[in-house]
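Read the structure below first, then the notes.
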Amino acid sequence: MPQNPTDASRTALVRALVGITAGLTADAVLVRAARAAVELTSTRGESAAALVLTTPDGRSLGAASARGTAYAVVADGEQAAQAAAELLADGATLVRQVLVHGTASGRLLLRCSTCPPGDAEAVADALAAAAGVALGNARLLEQAEQRRRWLEATAEVSSALLGHSDPEAELSLVADRARVVADASLAMILLPAGPDALLVEVVSSSDGTAGKVQGDRVPLVGTLCGQVLSEGEAVVVDDPPPGAAELRGDLLCGDAPPGPALLLPLGNVDDVRGVLALSRPAGAPNFTTVDLALATTFGGSAALALDRARAQSDRAALAVLEDRDRIARDLHDLVIQRLFATGLQLQGMARQADAGVRAKLDSAVDSLDETIREIRTTIFQLNRRPDSVDLRGQLRDVVDEAARPLGFPVSCTLSGPVAEGVPEEVAGHLLAVLRESLSNVAKHAGATAASVTVEVGRDVVLVVEDDGRGYVEDRHGSGMRNMRSRATKQGGRLTVSPRASGGTRLEWRVPLPVG
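Numbers in my numbering are just positions in the sequence shown, counted from 1, shifted up by 670.
Okay, structure coming up:
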């Protein structure tokens, strides 16, 4: 028995509703709802429809539009807004809000200029309700898939920690997995570098940004990363963030405008070891509360990697200390005593020798005395604890830090009373100039080798040389002016000149106070 038109319409509507709710992804729901709206009204005239996903504040995220038998899906917010605007240009277009769990999450737009009164409204109402249910189900499935990916990533990282991997490689794995699972373009792990800055220790990027930001320093004061480290609370930055220009350097997004970001503390509130920073391109979806919860759990594994690295470092430091103590005892109890006894023997022989031999023996005794003094200085240095880092150690730390952004180790030569003979104010300027000059080599020189020499006598002299493309004033800008200012304020000077074999030689010289 054939169905009457009313029964047929109802049957078609039911089938459309079932088809929409069967969609397992947001894109599938968008397409099925838009096509169903057109198919259910096209028998009564030309019709067009679109289903637009929106944020709670009304920004478009994506859309599917249909006209006749053709349909299109767009994932770009601007294109989605344009698709809606084209339909809304006709005042006869119906607009129905799509609610997902009570929250406005989209709009269904339907235009049918020849539909009988009430028909288009009924179709729009039913499809909008079905789309809301289907989108809610799709989001639940998406969240379940998110959880699965985060759990797999957490298990992978935890498994790596149980092995004997290099701590640096473990941190790289943490950053790589976090970036991929969070659908981010950039992931960074920042660790404290002194009392006032964070160092970008590990970077994972999908667009080649890693080389531009690795090794950079982020101030603790006035930055989001510093806030996370000091307060131990995660920060979610939506797109577009307020004051985007000011946040660009903080989020380290290179030249691109910053998009959504998620900054997580590594460790607990009372002992934050570092910051895991995830960012997406401008215009990408914001990080959700689900992202935050899952990433926080994952961040616990990253904190475990830091703990393991610290434990390994402590064990290595303890082994070095024990070795130093043994060497210091041997030098004092054995070597110095033997040298002292040898010196006494030579002095006794000198009293019995003629003038020529006596002079040579006295010279040998003087050499032994100088050797004993040097050994005692060495014993003193061996007995210093690693946590009492003097200027000599700080200089070497800066040089070691520079190896990562440079891509090669830097040779370092220190001579004179570096640890004892440099006033604190001059030492602060010296460290800042060394750090800035090595940063310039990394960013501008294109060098394959570099060396650092510090000599302390009547002056403090820092020389940094590289084999790069040579010095260009404009390329170094304010950094070079700051280094020159640090020299002149102390009565010294800064000299930058080309090397004969290619590259640049920087000399920073400051006189030391007399007396």
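Beta carbons are placed, not taken as given, at the ideal position from N, Cα and C, and that holds for glycine.
Which whole runs of the beta strand (DSSP E) in the stretch 856-902 are 3 residues long or more, in chain order?
856-862, 867-875 and 887-889
Residue range of the beta strand (DSSP E) that Ala774 falls in?
Thr773 to Cys782
Coarse secondary structure for Val1096, derived from DSSP in three states:
helix
When DSSP builds the beta bridges, which residues end up paired with Trp1178?
Leu1132 and Leu1164
Express the C-alpha separation of Cys1082 and Arg1066 in angstroms, rounding to a whole number.
7 Å
Could you check if Ala804 is buried or exposed, using at least 16 other CB atoms within 10 Å of its CB as the buried criterion?
By the 10 Å Cβ count, Ala804 comes out buried.
Is the CB-CB distance between Ala823 and Arg847 below 7 Å?
yes
Rounded to whole angstroms, how far is the Cβ of Arg1128 from the Cβ of Leu1182, which I believe are closer than 8 Å?
6 Å
Which residue spans inside the stretch 937-1017 form an unbroken alpha helix (DSSP H) run of at least 4?
959-1000
For Leu769: DSSP bridge partner residues
Ala774
Is the separation between the beta-carbon of Phe957 and that of Leu932 shorter than 7 Å?
yes
Closest by C-alpha distance to Val1133, when choosing among Gln1160, Gly944, Gly806 and Thr1174
Thr1174
Residue interval of the alpha helix (DSSP H) (run including Glu1071):
Leu1061 to Leu1076
Does the beta-carbon of Ala790 have 16 or more other beta-carbons within 10 angstroms, so that it is buried, or is it exposed?
buried
Under 8 Å Cβ to Cβ from Ser874, same chain only, skipping five residues before and after it: list those, please.
Ser842, Ala845, Asp846, Ala848, Arg849, Leu856, Ala857, Met858 and Ala880
Asp993 versus Val1124: straight-line alpha-carbon distance, rounded
28 Å
Integer-rounded CB distance, given that Arg1169 should sit under 8 Å from Glu1135:
6 Å
Extent of the continuous beta strand (DSSP E) run through Glu1125:
Ala1120 to Val1126
Per DSSP, the bridge partner or partners of Thr1083:
Thr1123
Output the distance between the C-alpha atoms of Glu871 and Gly806, rounded to the nearest integer angstrom.
Answer to the nearest angstrom: the Cα atoms are 40 Å apart.
Glu1071, buried or exposed, once every other Cβ within 10 Å from all chains shown has been counted against 16:
buried
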